[in-house]
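Structure first, commentary second.
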Amino acid sequence: MQTDEAVLGNGEERSSFGVFCEDLRSSLYFVNASVQEVVFASTTGTSVPCPAAGVPPVSLRWYLATSEEIYDVPGIRHVHPNGTLQIFHIPPSSFSKLIHDNTYYCTAENPSGRIRSQDVHIKAVLREPYTVRVEDQKAMRGNVAVFKCIIPASVEAYITVVSWEKDTMSINAETKMFL
Numbered sequence: 001m002q003t004d005e006a007v008l009g010n011g012e013e014r015s016s017f018g019v020f021c022e023d024l025r026s027s028l029y030f031v032n033a034s035v036q037e038v039v040f041a042s043t044t045g046t047s048v049p050c051p052a053a054g055v056p057p058v059s060l061r062w063y064l065a066t067s068e069e070i071y072d073v074p075g076i077r078h079v080h081p082n083g084t085l086q087i088f089h090i091p092p093s094s095f096s097k098l099i100h101d102n103t104y105y106c107t108a109e110n111p112s113g114r115i116r117s118q119d120v121h122i123k124a125v126l127r128e129p130y131t132v133r134v135e136d137q138k139a140m141r142g143n144v145a146v147f148k149c150i151i152p153a154s155v156e157a158y159i160t161v162v163s164w165e166k167d168t169m170s171i172n173a174e175t176k177m178f179l
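Once you know that position 21 of the sequence shown is 21 in UniProt numbering, the rest is easy, because the numbers rise by one and skip nothing.
Shown next, in the form of structure tokens:
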């Protein structure tokens, strides 16, 4: 039995990606590289395939990064017979960090051996109302005041401040405002 190692351009080795038996009637391999991060809206859910194949057919399983095999949670998480991991859409009240913001990996196994995918971080983004606000500042008349846009932590990674306005008038960086 032979195992090939993948070596990235930076010289870093990755886990085994192919196993081939001497009789050439048995093999185990990844069809393509798995994604490393899946970010999805909690209102839509997501599906992540395990991109492995082999002869004879492979048995596919999903695990948490802690090496615990995952189990189906009805209406929340399901592993299909073809190895696809499905995370169903959920209301914000059903969010579980263990399921909806965690690192997973899949394995494929047949008589040739067993291979492991790269880690895949799966993260649900909760779709819920939020409000941005301007942080209060104090300054003496004639001095500079710097204002900061406060964005809730739950959406901060997905929001970019693109403009500032005062009374519906756009303010650019060169504009001096006297209050």
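We treat Cβ as the ideally placed atom computed from N, Cα and C, and that holds for glycine. Being a predicted model, the structure only gives us computed values, none of them experimental.
query                                                                                                                   : result
contact_flag[the segment 110-126, the segment 44-61] where n(CB pairs < 8 Å) is 3 or more                               : yes
ARG133 classed as buried or exposed, judged by whether at least 16 other C-beta atoms fall within 10 angstroms          : exposed
GLY11 burial status per 10 Å Cβ neighbour count (16 or more: buried)                                                    : A caution first: GLY11 carries a pLDDT of 43, below 50, which makes its placement in the model unreliable, though a value can still be read off. Exposed, because fewer than 16 other Cβ atoms sit within 10 Å of the Cβ of GLY11.
Start-to-end residues for the alpha helix (DSSP H) that takes in LYS97                                                  : 97-100
First and last residue of the uninterrupted beta strand (DSSP E) at THR46                                               : 46-48
CA-to-CA distance, VAL39 to VAL161, given in whole angstroms                                                            : 21 Å
Neighbourhood of TYR130 by C-beta distance below 6 Å, restricted to the same chain and skipping five residues each side : PRO152, VAL155
Beta-carbon separation (whole angstroms), TYR105 vs ALA65, contact threshold 8 Å                                        : 7 Å
Distance CB(HIS89)-CB(THR43) smaller than 8 Å                                                                           : yes
CB of GLU135 within 8 Å of CB of ILE115, strictly                                                                       : no
Of the listed residues LEU98, ARG25, GLY45, SER117, nearest to VAL125 (C-alpha basis)                                   : GLY45
Run of the beta strand (DSSP E) containing VAL55, from where it starts to where it stops                                : 52-55
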